Amino acid sequence: MARKLCRVNASPVVAPATAVQQAAARPTIGVLALQGDVREHIAALALCGADPVLVRRESELAAVDALVLPGGESTAISKLLGVFELLEPLRARLRAGMPAFGSCAGMILLASEVLDTRPDAQHLSGIDMTVRRNAFGRQVDSFETDLDFAGLDDGPMRAVFIRAPWVERVGDGVEVLATVPDGPFAGRIVAVRQGNVVATSFHPEVTGDLRVHHLFVDLVRAA
Ligand code: GLN
Numbered sequence: 027m028a029r030k031l032c033r034v035n036a037s038p039v040v041a042p043a044t045a046v047q048q049a050a051a052r053p054t055i056g057v058l059a060l061q062g063d064v065r066e067h068i069a070a071l072a073l074c075g076a077d078p079v080l081v082r083r084e085s086e087l088a089a090v091d092a093l094v095l096p097g098g099e100s101t102a103i104s105k106l107l108g109v110f111e112l113l114e115p116l117r118a119r120l121r122a123g124m125p126a127f128g129s130c131a132g133m134i135l136l137a138s139e140v141l142d143t144r145p146d147a148q149h150l151s152g153i154d155m156t157v158r159r160n161a162f163g164r165q166v167d168s169f170e171t172d173l174d175f176a177g178l179d180d181g182p183m184r185a186v187f188i189r190a191p192w193v194e195r196v197g198d199g200v201e202v203l204a205t206v207p208d209g210p211f212a213g214r215i216v217a218v219r220q221g222n223v224v225a226t227s228f229h230p231e232v233t234g235d236l237r238v239h240h241l242f243v244d245l246v247r248a249a
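At position 212 of the sequence shown the residue is numbered 238 (my numbering), and the sequence of numbers has no breaks.
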């Protein structure tokens, strides 16, 4: 006991980290929690060294460094964004450069144009892209494949597609990160990035492969 105390007393005095250093080390990343697989993203972000928080209100959105838009049902989330008065605040933060990551329904919401959706569905224009909703077919046509993800080491990534969209057009300045490697959908774009906004057609939050979440947390730290 005495020995322990002695060592504590003898330890060098370290200046406490500033708020800015702390935020950089462990950024606060919101997960839009209106509908969808929120819990899976929260778990993945925590494992990647972020402080994940639920976002349902404008005040909660204002407090985060970045936002994840989960998989789920894009038209339901779109409707709830209206009900919770989050549409304009979210568009404004994206315009101001807030980093964001959307998986599946989240990708649809981040698009600047959406095909095969409801006429009243809203989107956020976080990435200059046209996304086709339910492009791979119906729920029964959900599938998994291995794909190469640009910039990620350690081999191909297992990608789970659940009634997923694909990207049909990308604007200038949008980087294609992954395409379907083979089969009837070979070449279809399924992961993109524009600046600090990343979107995947598939669900990295459900496979235990955390590389996309790590990439996003690193991007938020750098932003
Ligand atoms: N098909 C869903 C939609 O339109 C997306 C599916 C998903 O997120 N797994 O929003």
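Even for Gly, the Cβ is constructed at its ideal location relative to N, Cα and C.
This one's a predicted model, so the numbers in the text were calculated from it and none came from an experiment.
| Query | Result |
| --- | --- |
| If you drop the 5 nearest sequence neighbours on each side, which residues of the same chain put their C-beta closer than 8 Å to that of alanine 249? | Asp91, Ala92, Gly123, Pro125, Asn222 |
| Shorter than 7 Å, the distance from the beta carbon of arginine 159 to the closest heavy atom of ligand 1, or not? | yes |
| Excluding the 5 residues flanking leucine 236 on each side, which residues of the same chain have their C-beta closer than 7 Å to its C-beta? | Ala70, Leu73, Cys74 |
| Would DSSP call serine 138 helix, strand or coil? | coil |
| Any chance the CB of glycine 97 is under 7 Å from a heavy atom of ligand 1? | yes |
| For glycine 163, tell me which candidate among Met155, Phe187, Pro182 has the shortest Cα-Cα distance. | Phe187 |
| Just curious, the beta strand (DSSP E) that leucine 58 is in, first and last residue? | 54-58 |
| Report the rounded CA-to-CA distance for valine 196 versus leucine 141, giving the unit in angstroms. | 14 Å |
| Going by Cα to Cα distance, which pick from Val232, Pro207, Val109 is closest to glutamate 66? | Val232 |
| Helix, strand or coil for arginine 237 per DSSP? | helix |
| From the DSSP secondary-structure annotation, give me the bridge partner or partners of glutamine 255. | In the structure as shown, the chain starts at 27 and stops at 249, and residue 255 therefore has no counterpart that could be examined. |
| Run through the stretch 92-137 for me and flag every whole beta strand (DSSP E) of 3 or more residues, listed as ranges in chain order. | 92-95, 126-129 |
| In the DSSP assignment, the alpha helix (DSSP H) including glutamate 84 goes from what residue to what residue? | 84-88 |
| Which residue from Ala204, Gly209, Arg189 puts its Cα closest to that of valine 224? | Ala204 |
| Could you have a look at glycine 188 and say whether DSSP puts it in helix, strand or coil? | According to the sequence shown, residue 188 is isoleucine rather than glycine. Isoleucine 188 falls in the coil class under three-state DSSP. |
| What are the uninterrupted segments assigned as beta strand (DSSP E) that are 3 or more residues long and contained completely in the stretch 163-211, given in chain order? | 169-173, 183-187, 192-196, 201-205 |
| Among Ala190, Val57, Ile68, which has the Cα closest to the Cα of leucine 116? | Val57 |
| Going by alpha carbons, who is nearest to histidine 229 out of Pro78, Val94, Arg83? | Val94 |
| What's the C-alpha gap between serine 37 and aspartate 77? | Unreliable placement is indicated for serine 37, whose pLDDT of 44 sits below 50; the coordinate value is still reported in the next sentence. Using only the alpha carbons, I get a separation of about 28 Å. |
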